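Colleague: Chains as they are written, first to last, in full-length UniProt numbering: chain Y, 1 to 338; chain B, 1 to 285; chain P, 1 to 357.
Glycine residues also receive a C-beta, built at the ideal position from the N, C-alpha and C atoms.
Quick caveat, the model's predicted, so the values are computed rather than measured.
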Amino acid sequence: MSGVSEGTVAAPAAAVPPAARTRGLRKVYRGTVAVDSVDLEVPTGAVLGMLGPNGSGKTTTIRMLLGLVTPTAGEVELLGQKMPDGAALALPEVGALVEGPGFHPFLSGRENLMRVAAAEPLLASARIPGAVADALERVGLTRAAGRRYRGYSLGMKQRLGLASALLVPRRFVILDEPTNGLDPAGTREVRAVIADLHAAGTTVLVSSHLLAEVEATCTHVAVLNQGTVVAQGELAALLEAGSANLLVTTPEVTRAVEALRDHRIPARAVPDGLRVDLTATTAPQVVETLVHAGVPVHEVRRQRTGLEDLFARLTEDTNVIEDAALDDLATLIPEDAR
Amino acid sequence: MTAMTVPAPLTARRAPLPRLMRSELRMMLRRPRTLIGLGLLALVPVVAGIGIAIATDANSDEPMGQGLETLVAGNGLLLPVFALVVSLNMLLPLTGAMLAADALAGETAHGTLRNLLTAPVGRARLLAVKAFGVATVSLLATLLMAVTGTIAGILLLGGEGMLTSSGTQLPFLDGVGRVLLTVVLVTVQVWALAAVALAVSAWTEHPLIVVVVSLGLVIVSGVLSVIPALDWLDPVLITTSWQSVSDVVRDPLPTGSITEGLLRAACYIVIGYSLALSRILTRDG
Amino acid sequence: MNRKRTALAVAAAGTATGVVGLVLIASPAGAGEAPPALPDISAEALVQSVLDADAPAMAGAVELRNDLGLPLPGLPQGKPGEDVARIYADGQGRARLSLDEGGSERTIVHDGSTTWIWNSATRSVQKLEGGPDEERAERMADPATAARDFVALMQKDSTVTVDGTARVADRPAYQLVLTPKPTERTLLREVRIAVDSETRLPLRLDVLANGQAEPALRVGFTEFATGAQDAGLFSFTPPAGAKVTEGERGERPSKQERTDALEGLDLKHVGEGWDTVLTGKLPADALTRQAPENGRGDRGPATGLDLLKQVGKEVSGPFGSGYVVTTKVGTALVTTDGRVALGAVPQQVLVDALGQK
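1) Output the boundary residues of the beta strand (DSSP E) element that contains Gln175 of chain P.
2) Comparing C-alpha positions only, which one of B:Gly51, B:Asp231, B:Ala265 and B:Trp242 sits nearest to Gly18 of chain P?
3) Any idea if Pro43 of chain Y is buried or exposed, counting beta-carbon neighbours within 10 angstroms, 16 or more meaning buried?
4) Using 8 Å as the Cβ pair cut-off and three pairs as the minimum, do the segment 22–37 of chain B and the segment 121–133 of chain Y touch?
5) Step through the CB atoms of chain B and report whether any lies within less than 8 Å of the CB of Thr15 of chain P.
6) Measuring only between beta-carbons, confirm whether Phe172 of chain Y sits less than 8 Å from chain B.
7) Taking 8 Å as the CB-CB cut-off, is Gly18 of chain P touching chain B?
8) Cβ of Gly222 of chain B less than 8 Å from any chain P Cβ?
9) Tell me whether the beta-carbon of Pro235 of chain B lies closer than 8 Å to the beta-carbon of Ile25 of chain P.
10) Give the straight-line distance between the Cα atoms of Val173 of chain Y and Leu166 of chain Y, rounded to the nearest whole angstrom.
11) Need the endpoints of the alpha helix (DSSP H) that Tyr149 of chain Y sits in, please.
12) Please identify, using Cβ separations under 7 Å, the residues of the segment 25–45 of chain B that lie next to chain Y, in order along the chain.
13) Could you list the residues in the segment 107–134 of chain B with a C-beta less than 8 Å from some C-beta on chain Y, going in chain order?
14) Should Lys181 of chain P be labelled buried (16 or more other beta-carbon atoms within 10 Å of its own) or exposed?
15) Going along the chain, which residues of its own chain have a beta-carbon closer than 6 Å to the beta-carbon of residue 358 of chain P, five neighbours each way excluded?
16) Quick check on this structure: which residue in Y:Glu77, Y:Gly161, Y:Asp134 and Y:Val139 has the alpha carbon closest to the alpha carbon of Gly111 of chain B?
17) Can you grab the Cα-Cα spacing for the pair Val349 of chain P / Leu128 of chain P, in whole Å?
18) According to DSSP, is Phe172 of chain Y part of a helix, a strand, or is it coil?
19) Which whole-angstrom value is the C-beta distance of Leu246 of chain Y and Ala269 of chain Y, which I expect to be below 8 Å?
20) Just tell me which of Y:Met156, Y:Ile62, Y:Met83 and Y:Leu290 has its CA closest to the CA of Phe103 of chain Y.
21) Runs of 4 residues minimum, wholly inside the segment 240–303 of chain Y: which ones carry the alpha helix (DSSP H) assignment?
22) Can you list the residues of chain B that Arg30 of chain Y reaches, using a CB-CB cut of under 7 Å?
23) Flag this pair as touching only if the segment 126–137 of chain Y and the segment 147–156 of chain Y have three or more C-beta atom pairs under 8 Å; answer yes or no.
24) In angstroms with no decimal places, state the Cα-to-Cα distance between Ala94 of chain P and Ile87 of chain P.
25) Taking the CB atoms as reference points, tell me whether Ser214 of chain B and Pro93 of chain B lie closer together than 8 Å.
26) So, are the CB atoms of residue 287 of chain B and Leu38 of chain B less than 8 Å apart?
27) Comparing the C-beta of Thr2 of chain B with each C-beta of chain Y, is any distance below 8 Å?
28) Going by C-alpha distance, which of Y:Arg170, Y:Ala212, Y:Asp183 and Y:Val38 is nearest Ala200 of chain Y?
29) How big is the Cα-Cα spacing for Ser42 of chain P and Glu198 of chain P?
30) Can you give the Cα-Cα distance for Ala13 of chain P and Ser27 of chain P, rounded to whole angstroms?
31) Can you name the residues of chain P whose CB is closer than 8 Å to the CB of Thr239 of chain B?
32) Does the CB of Thr70 of chain Y have a neighbour CB from chain B at under 8 Å?
33) If you measure between the beta carbons of Gly272 of chain B and Ala152 of chain B, is that distance less than 8 Å?
34) Between which two residues does the beta strand (DSSP E) holding Arg123 of chain P run?
35) What's the call for residue 442 of chain P, buried or exposed, on a 16-neighbour Cβ count within 10 Å?
36) From P:Thr226, P:Arg204 and P:Leu178, pick the residue whose C-alpha is nearest to that of Asn54 of chain P; which is it?
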């Protein structure tokens, strides 16, 4: 109803099946629940940013999407194939960079890519050298291609990982923390690559713990915390969603709250002031009411938007959010957006 | 589900197996550890040959050492056999275990196995490729030892043909045949240990654990085989066949013990690879 | 979880196959099979046919297992499933015996007129003119000879019966059982000899001690095939560089020490049949001299007396004092003044035998 997953760039959701979908996904590692009841949907053609602090289950979810890990419970569908059993059908068209780049330190960048290319089902043997050269070019590693991987900087390693995901034209590319260790220029290049992929109609799933990165590149967002998806939908919708709040700084909190209540405006005392819910009212109205009541107003500011607020809390202080955030989330994000 | 028709038909295409095997071998033979190991193994017969040549010069009357060693002096073709049989006690099993450790556990630790799994290389095929790599490089190691051993033997120790432990003199070509037979027998025994090591390798991501467990198996088997009360266990122990490899220098060839050694190794190979396959099918990559 | 089930099935099937294979390798051929059906034969006729049988042209592998409770010096230590010797014969008196002595090999070739004994440990060849005069250990390694000697020797003091059939070296065989007569004072319960139904050659000799289910000693063929053998097997050319000694009888460089010791023993048989006791006298320094074998150099001095104290039990009686060593099939008594008695008998019989001197 909220239109969060509708109106995507390509086509109505009903016609094109999602590039990936999970239902009730759960993974338990030796008694520790890594991921629980994850219902994720990656619409075809979207660039989905998977946000979440470290340990929120992003990588585990991605590993289950790729069939690397068998879920304890739940279902995974990748390009219409049940994973992990459909891996042979789905994975050739999926490029992935998971858990950082993994290459042989004693081989050069090119040799490492040749080895990955040899395993790519969609690459004919004759096309391997060309595909490797193209992928190296695309991530700007051509000059360093002959050097041993051992001597690569973190950024170069990351680029090589990206190159291996781009060896073959893909329908779906999954990038786990692709900008890790990259300098600002490298980050921009990764964004450009993602934009290219998006333009070419490739579905992209990018995981990150940086909101800025997601904001810059993604059409869709899914937020994970403590092993569950706490929010997902179109980026724009999520950014707008959620009731905005007004933070008012005043020394006379009790009088302020009473004054607002008299006008049926919900408000809550917070340190140094109060927080006013703006769902049923507007900021000027609040200020007017307070001034009329003779409450000294030192400062009035709008609280950050839904996603921003949510994600800032997730990433800035994981401990504090543990109890509070999840409760707040229920009110912050419209039910049908999740 | 019915509405979930996929736009482009997905077909299960696979990278050709020979291409994967070539790639695997190329990678293994670029790994510095493999190369150092092969180099050291190739040196073993040379060092043994020099040692025996010097010792023989010093007191040419008394045959020294025990077992095969007594026969090697002045009997160059026996040097590769001697070196292979001696190395089968520790060096070659260590090599096999190391190769197997790097094949799965090491690649998991480096994160390189993921690249293959997401390519995707099917899990059973992945094991086949790994098994091929380990088996080929083990064979290469023993062949290399046979070659350096034969050359060192002829140059340092001389001798015509091969003096067998039964006191007969084999012509040169028959002697070479015995050397090649030794290569086959020793290699199959290394394969057996490597199969078990590969099963361990599928279970862990610490290559060192694989080496420790494999050598532990060798040592425990060795200890069990010398406890008289546990003699009944002997035919089942992996090391039992290793001792009978030196039967290749008997004349006529005792085919019974040789076949038995091969069969025993085959049993270990079946056990090792089925455990490895079972684990690799279910393990989280 | 389809994949998990497949994986389990693979693991179970593969492991089971491998283990069954290993067990099959471990179990001797013919074990668990029903004994072959053979025409009945009387014990006398069987014994006679054994004594009359001609050695055919054959090739075989021999296993030796002893569970005596003590390693018997001079006998190769057998392990189950491990062949200690291979025998080839052309049926006309020419034979080749190849003894596996752990790291080394001893080959004995009798080419009709000359016996060659090759020892790979010393790379030496001993050349003996005339018929084969194999040492005890080597005779023991040929089950046919050992069993035949035994039957000839023991027939008189034993109850001889035929106890069904057995499959030995994959050949049907009669089981000839020699049980000591009640008057015999011995530790042995019976001796079983498996006689090949076709060639009437003893294929296996089992010595069973009182109260033991498993044979204390077993010498037998694990492989046995009749048929013409390669003539090359029965000739021997000393290899280049080998020491060749033209041997006189009794001059055995390879076993110099052991032979010397044997000759100084002053051996005597007391009694006959199952309770024969062998008595003798050790050389004066035998008990105090450092043990020639087992001397690993870094070990402390181990004299024969020390060794006896380790394995034996101190006893005293009319013979003075000494040590008695007990095994499943025999007993040995060594007195402190160097007298020795041994036999397949209880301790008291040894004491009596020493007293008879």
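Modeller: In short:
1) Arg171 to Pro180
2) B:Ala265
3) buried
4) no
5) yes
6) no
7) yes
8) no
9) yes
10) 8 Å
11) Element bounds for Tyr149 of chain Y: n/a, residue is neither H nor E.
12) Met27, Arg30, Arg31 and Pro32
13) His110, Gly111, Thr112, Leu113, Arg114, Asn115, Leu116, Leu117, Thr118, Ala119, Pro120, Val121 and Gly122
14) exposed
15) Any property of residue 358 of chain P remains undetermined from this structure, which presents chain P solely from 1 to 357.
16) Y:Gly161
17) 39 Å
18) strand
19) Rounded, the Cβ-Cβ distance is 14 Å, inconsistent with contact.
20) Y:Met156
21) 253–262 and 283–292
22) By Cβ distance, chain B contributes nothing, its closest Cβ being about 11 Å from Arg30 of chain Y, past 7 Å.
23) no
24) A small fix is needed here, since residue 94 of chain P is Arg in this sequence, not Ala. Going from the Cα of Arg94 of chain P to the Cα of Ile87 of chain P covers about 11 Å.
25) yes
26) Nothing about residue 287 of chain B can be read from this structure; chain B reaches only from 1 to 285.
27) Legend: pLDDT at Thr2 of chain B = 40, less than 50; position of this residue unreliable, no value from coordinates given.
28) Y:Arg170
29) 16 Å
30) 21 Å
31) What Thr239 of chain B touches in chain P: nothing, since even the nearest Cβ is about 13 Å away.
32) yes
33) no
34) No beta strand (DSSP E) contains Arg123 of chain P, which DSSP labels as neither H nor E.
35) Any property of residue 442 of chain P remains undetermined from this structure, which presents chain P solely from 1 to 357.
36) Per the sequence shown, residue 54 of chain P should be read as Asp rather than Asn. Closest by alpha carbon: P:Thr226.
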